[in-house]
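Be aware that the sequence shown starts at 2, since it is given in the working numbering, and climbs by one per residue. Yeah, the Cβ is synthetic: ideal placement off N, Cα and C, and Gly gets one too. Small disclaimer: the values here were computed from a predicted structure and weren't measured. Worksheet for the structure shown next.
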Amino acid sequence: MADTDLKLLYRELVSLEIELWEGIEGRLKAEYDLPLTSFEVLHLLLRRPGRRIQDIAEEFSITVGGTSKVVDRLESAGLCARRANPNDRRSSIVELTPEGRKLVHGALKVFEEELELRIGSVIPEQSVREVTEVLRTLRAAGRAVDSERKAAPKQAGRRTP
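Here's what the structure looks like:
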């Protein structure tokens, strides 16, 4: 495959991600004073209640420390609460509060409207499914490469940039 094609695809994917993020976040902040990162965590807790900080971090491929800071802010705002994990005293379970549940339901409507406006109204449903599958395949391949690199012993004398 031509090197130029891969670079162009990379730029398009990154630019799309940035523009989607900024567009959706702009509307969530304007209507709910809610950053997209916070919405994503609240939305996860709505879909899959009773998550640990570790579970949330793994879901979004971010650090436990970063996740804990987001949850701290949400907890301070009264949108979620931690409770003791009955299966592991070293961790806690994060759950939505009634206020958090109400907020995320409203914000979810805005999120879905923006997705429809920015993607659904532009390409047909079949294309959405096809692009989703291609992206899922690319992500899985990237995770496999990362796993192989972590498992491979360091080559003697090789320097990393």
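| query | result |
| --- | --- |
| DSSP on Ser165, reduced to helix/strand/coil? | Residue 165 lies beyond the residue range present for the chain, which begins at 2 and ends at 162; the question has no answer from this structure. |
| Taking DSSP as the reference, what is the three-state secondary structure of Ala3? | coil |
| Taking the Cβ atom as the reference point for each residue, do Val111 and Glu32 lie within a distance shorter than 8 angstroms? | yes |
| Could you pull the start and end residues of the alpha helix (DSSP H) that Thr72 belongs to? | Strictly speaking, residue 72 in this sequence is Val, with Thr absent from that position. Counting along the chain, the alpha helix (DSSP H) containing Val72 begins and ends at Val65 to Ser77. |
| With which residues is Ile94 paired in a DSSP beta bridge? | Arg53 and Arg84 |
| Does the contact criterion of 3 or more C-beta pairs under 8 angstroms hold for the stretch 35 to 53 versus the stretch 101 to 109? | yes |
| Excluding the 5 residues preceding and the 5 following Arg84 in the sequence, name in chain order all residues of the same chain whose CB lies nearer than 7 angstroms to its CB. | Ser93, Ile94 and Glu96 |
| Which residue comes first and which comes last in the alpha helix (DSSP H) that contains Arg119? | Element bounds for Arg119: n/a, residue is neither H nor E. |
| Going by other Cβ atoms of all chains shown within 10 Å of its Cβ, with 16 needed for buried, is Thr133 buried or exposed? | exposed |
| For Ser39, count the other beta carbons within 10 Å of its own beta carbon; 16 or more makes it buried, fewer makes it exposed. Which is it? | buried |
| Are Trp119 and Gly27 close, meaning C-beta to C-beta below 8 angstroms? | For the sequence presented, residue 119 should be read as Arg rather than Trp. No. |
| Give me the residue from Glu149, Arg150, Leu136 and Ala153 with the minimum Cα distance to Val15. | Leu136 |
| Using the C-alpha atoms, what's the distance from Glu13 back to Leu7? | 10 angstroms |
| Evaluate the contact criterion for the stretch 68 to 76 versus the stretch 53 to 60: three or more CB pairs, one atom per stretch, below 8 angstroms. | yes |
| Between Gly101 and Leu80, is the Cβ-Cβ spacing less than 8 angstroms? | yes |
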